[in-house]
Structure formats: C-alpha cells, structure tokens
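A.B. asks: Please find one structure pasted underneath; my questions will follow.
In my numbering, the protein residues as written are 32 to 250.
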C-alpha cells in the first residue's frame, strides 16, 4: 500500500513537471512618431541710426526783413503810343493820324534829322491838315530833350504855319531856329501843333516825341 502511494506521488510529480508552454508575446510594434517641424519666424528689426554730429539749427534772433518793391527807374509809358513814321512815295515821312488828336490829319515832314550847322539836314518842312474848318491858324511848338541826361526843356514857339487855302498848313523849320539856351549836340526835337480860330486855340495835336533827332553837325 505504501508502495502504491509512492508510485502515485511519483506520477503526479512527473505530470506536474511538464509546464505548459508560455505563449510567445506578440512582437512589440515600434510606433514612429512624426517628426515635429519647428516653425521658424523671422522678424525683421529696423534699426535707425541717429547721427550724433548733426548740427542743431538755431533760428536767427532777428528775422531778415522782407524785400521791398524797388520803384521803377524809367518814366511811365505815354498814354498815346509814339507812332513809327513810314516813307511815302513822294519822299515825305508820315505820322500816324492818331497823333493829330482828332484836330489834324495828313501829318508829314520832309525828314527826321535836323542839324544846327550841317547844310544836308539843316531844315525840315512840316505839313498838317486841319479837320475843323473853323481853324484858320496853326502854330508850331517844339522842345529839346537831351538824350544823354534825359532832361526835357520847356516848350518854345517855332513859328506860324502857312495856309494853302484848302485846310492844309506847312512850315519850314531850321536848325538854327532852336533857342541857343536849349541846344544840345545829341538830342530829340519833339513838336506839337496848335489850331486856332478867331476866338483863340481850339485844339492841339498830341506831343510827337522821339521821332526827330537834333545835332550840331552832320550825322
């Protein structure tokens, strides 16, 4: 009996000695995490360099005076423009009728230069025609203007024009008729006509300026 029990124990131990196979663990799967890309932010930094040697503008203690208008050095232009004479077929020089001021038309002269001593241009003949039939007398007036200094002398009487019986008048004026007190070797001879009737002066032409030169000798 005892021997039987020993055999049963041996058999039981033998059965227990064979252990069940341990199941093989499933291979571990390596999980690869996606690579995380770091976002790089570039920030531009503008650095302003302030120079340290820039001079500081100091306002003037006394402001500069504003420019003042310079008065003109030339005299104002005449109200009536000086007309440019033109040569006509008969050799006379015409003057714009506008300078007759409504009292005279057909203003002409024989030349535009007058001399004190030169025989070539010692005399000028002036001609006008009155527009008013009541004008029976026309007088000639002149003045000398020094070209060098610009000084204009007083108006002087140059004589009376001769009527032609049809409203026209003329006068021959000589260089030696210019008053000795006003003679200048380089000058203008300005002139004007005055028309009269039996009651006195009724109308005058404009002052005809800077059209006739006056000299002592031949040009």
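Even glycine gets a Cβ: it sits at the ideal position worked out from N, Cα and C.
From which residue to which residue does the beta strand (DSSP E) around residue 205 run?
C.D. replies: Note, residue 205: beta strand (DSSP E), 199-205.
A.B. asks: Tell me where the beta strand (DSSP E) around residue 176 begins and ends.
C.D. replies: From DSSP, the beta strand (DSSP E) with residue 176 extends over 168-177.
A.B. asks: Buried or exposed: which applies to residue 131, given that a residue is buried once 16 or more other Cβ atoms fall within 10 Å of its Cβ?
C.D. replies: It is buried - the Cβ of residue 131 has at least 16 other Cβ atoms within 10 Å.
A.B. asks: Excluding five sequence neighbours on each side, which residues of the same chain lie with their C-beta closer than 7 Å to the C-beta of residue 52?
C.D. replies: Because residue 52 carries a pLDDT of 47, less than 50, the predicted location of this residue cannot be relied on, and no value is offered for it.
A.B. asks: By Cβ distance below 7 Å, which residues in the same chain neighbour residue 239 in space, the five residues on each side in sequence not counted?
C.D. replies: Here the set comprises 126, 130, 221, 222 and 223.
A.B. asks: Got a sec? Which residues, its chain only, sit under 6 Å from residue 163 by beta carbon, not counting five neighbours each side?
C.D. replies: Around residue 163: no qualifying Cβ.
A.B. asks: How would you write the range of the beta strand (DSSP E) that residue 221 sits in, first residue to last?
C.D. replies: Taken as a continuous stretch (DSSP letters only), the beta strand (DSSP E) holding residue 221 covers 217-228.
A.B. asks: If you reduce the DSSP assignment to three classes, tell me which class residue 189 lands in.
C.D. replies: Residue state, collapsed to three classes: strand.
A.B. asks: Quick one: Cα of residue 234 to Cα of residue 123, how far?
C.D. replies: Roughly 24 Å separates the two Cα atoms.
A.B. asks: Report back the beta-carbon spacing between residue 208 and residue 191 to the nearest angstrom; my notes put them in contact at under 8 Å.
C.D. replies: Actually they are not in contact, since the Cβ atoms of residue 208 and residue 191 sit about 13 Å apart, beyond 8 Å.
A.B. asks: Counting only the same chain and skipping the five closest in sequence on each side, list residues whose C-beta sits under 8 Å from that of residue 241.
C.D. replies: Excluding sequence neighbours, residue 241 sits near 113, 176, 219 and 221.
A.B. asks: Determine the direct distance from the alpha carbon of residue 136 to that of residue 146, and round the result to whole angstroms.
C.D. replies: So the two alpha carbons sit approximately 27 Å from each other.
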